[in-house]
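So in the numbering used here, spot 12 of the sequence shown is number 169, and the numbers just go up one at a time. Even glycine gets a Cβ: it sits at the ideal position worked out from N, Cα and C. Structure, as C-alpha cells:
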Amino acid sequence: GLCLDRSGCSCIPKKKRHTKVDVVINVNNSSQVCAEVKIEEHRGPCRCKCDLKDCHAYQEFDELTCKCRCKEKFGSLKSSCSSDILRHWEEDACDCICDRVICADGFFQDLKTCMCKMIKSTCSPVLSSNSESLSNNQDIHSIEDTTTSVSKYVGVGCVTMVGLSMVLTVYYLVNKKRLETGGLDLVGLSHNNSMVGASSGSLMGTLRSSASRPAAYTITINSQSSNIDDSVIPLTENKTRF
158 GLCLDRSGCS
168 CIPKKKRHTK
178 VDVVINVNNS
188 SQVCAEVKIE
198 EHRGPCRCKC
208 DLKDCHAYQE
218 FDELTCKCRC
228 KEKFGSLKSS
238 CSSDILRHWE
248 EDACDCICDR
258 VICADGFFQD
268 LKTCMCKMIK
278 STCSPVLSSN
288 SESLSNNQDI
298 HSIEDTTTSV
308 SKYVGVGCVT
318 MVGLSMVLTV
328 YYLVNKKRLE
338 TGGLDLVGLS
348 HNNSMVGASS
358 GSLMGTLRSS
368 ASRPAAYTIT
378 INSQSSNIDD
388 SVIPLTENKT
398 RF
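What follows is the structure, encoded as C-alpha cells:
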C-alpha cells in the first residue's frame, strides 16, 4: 500500500515470511520452462513507518518529515554552495558537486575546479623512464648502424683503390719490360762480307737499349774458315778461335 498521510514513509507489513512458488517461464515464445522462485509474503495489516536503514553516515533521520537529511555540520557548506554558479547542492550525497559539463575530445571535467582540462598521460615514472631509455637505445643503435655503414663503404673504397693501384703498377711494369726488350738495337760490326765461303763467323759489338745504356757483348760462332779478318775485331774485346 501507499502512505499518503506522511511523505517519505513506506508501508511496512506487520508480519512477513519467505516462501517458494512454482512458476512457468516462456522461452522465445515457443517453449515453456518450469521453475521455482522464492518470494516474500506479507501478512497482517500494513502501517506507515520510516525505515532508518535508508540514512547513510552523513545523514540523520528526521521524524517529522520521515526523511533523511544532512547533518548540521554540513550547513555552512550547503550555504556557500548556493552562491557557486558552477556547483549545486546534492542532498543525497551531502556535498556540493559540479554541474555536468560536456567537454571536448581530449578533455575531462575536473571535479575540483569544475572546468574542462586536457587529458594527461597516466604512465608511471618507471614506464616513462623505460620508454625514454628505449628511445635513446634506438637512437644509439641508429647511429651505430650509420657509422658501420660508412665504415664499410670506406673500407670497400680503400680496397678498391689498392687493387686499382696494383693493377696499374703491374701494367706499367709489363709495358716497360716490353719496351726495353723490343728496343734493343744491335750496334757493331757484321762480318758477313768477310765470311764468304765460310760456314760460320764471329760477331762482336755493343747492344744499346732505348735508354742509351751500352752493354758489351761477345758472340762466338764456330767457323772452319780462316777468311775472317782479325783487324776488324776491336782489340778491347776477347777473341775466341777454334
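- Task: Identify every residue that forms a DSSP beta bridge with Cys255.
- Result: Arg244
Requested in this report: Indicate the three-state DSSP secondary structure (helix, strand or coil) for Glu337 in the structure shown.
Outcome: helix
Notebook entry, point to check: Thinking just about the alpha-carbon of each residue, which of Ser308, Phe231, Cys212 is nearest to the one in Cys223?
Noted result: Cys212
Practice problem: Give the single residue among Lys274, Thr270, Lys334 whose Cα lies nearest to the Cα of Ala261. | Solution: Lys274
Quiz item: Residue range of the beta strand (DSSP E) that Cys223 falls in?
Solution: Note, Cys223: premise wrong, no beta strand (DSSP E); not H, not E.
* Asked: Does the beta-carbon of Cys168 have 16 or more other beta-carbons within 10 angstroms, so that it is buried, or is it exposed?
  -> exposed
Enumerate in chain order the residues of its own chain whose CB-to-CB distance from Asp252 is below 6 Å, with the five nearest sequence positions on each side excluded. none
Kindly list the residues whose CB is nearer than 6 Å to the CB of Cys238, restricted to its own chain and excluding five residues on each side of it in sequence; keep chain order. Arg244, Trp246, Cys253
### Query
How many Å lie between Lys173 and Arg204 at the Cα?
13 Å
key: Same chain only: Cβ atoms within 8 Å of Asp256, ignoring 5 sequence neighbours per side   = Leu243, Arg244, His245, Cys271
_Top-ranked residue by Cα proximity to Lys230, from Gln216, Leu221, Asp241_ = Gln216
With 16 as the cutoff for other CB atoms within 10 Å, does Cys227 come out buried or exposed?
buried
inquiry  = Per the DSSP calculation, His213 is bridged to which residue(s)?
reply    = According to DSSP, His213 bridges with nothing at all.
- Query: Grouping DSSP H, G and I as helix and E and B as strand, with all else coil, what is Asn186?
  - Reply: coil
Identify the continuous alpha helix (DSSP H) that holds Lys235 and give its terminal residues.
232-238
With 16 other Cβ atoms within 10 Å as the buried cut-off, status of Cys225: buried
* Rounded to a whole number of angstroms, what is the C-alpha to C-alpha distance between Ser278 and Phe264? -> 12 Å
- Query: Just checking my contact of Cys191 with Asp179 at CB under 8 Å: how many whole Å lie between their CB atoms?
  - Reply: 6 Å
inquiry  = Per the DSSP calculation, Pro172 is bridged to which residue(s)?
reply    = Here residue 172 turns out to be Lys, not Pro, going by the sequence shown. DSSP output for Lys172 lists Arg200 as bridge partner(s).
What first and last residue would you give for the beta strand (DSSP E) that runs through Met275? 273-275
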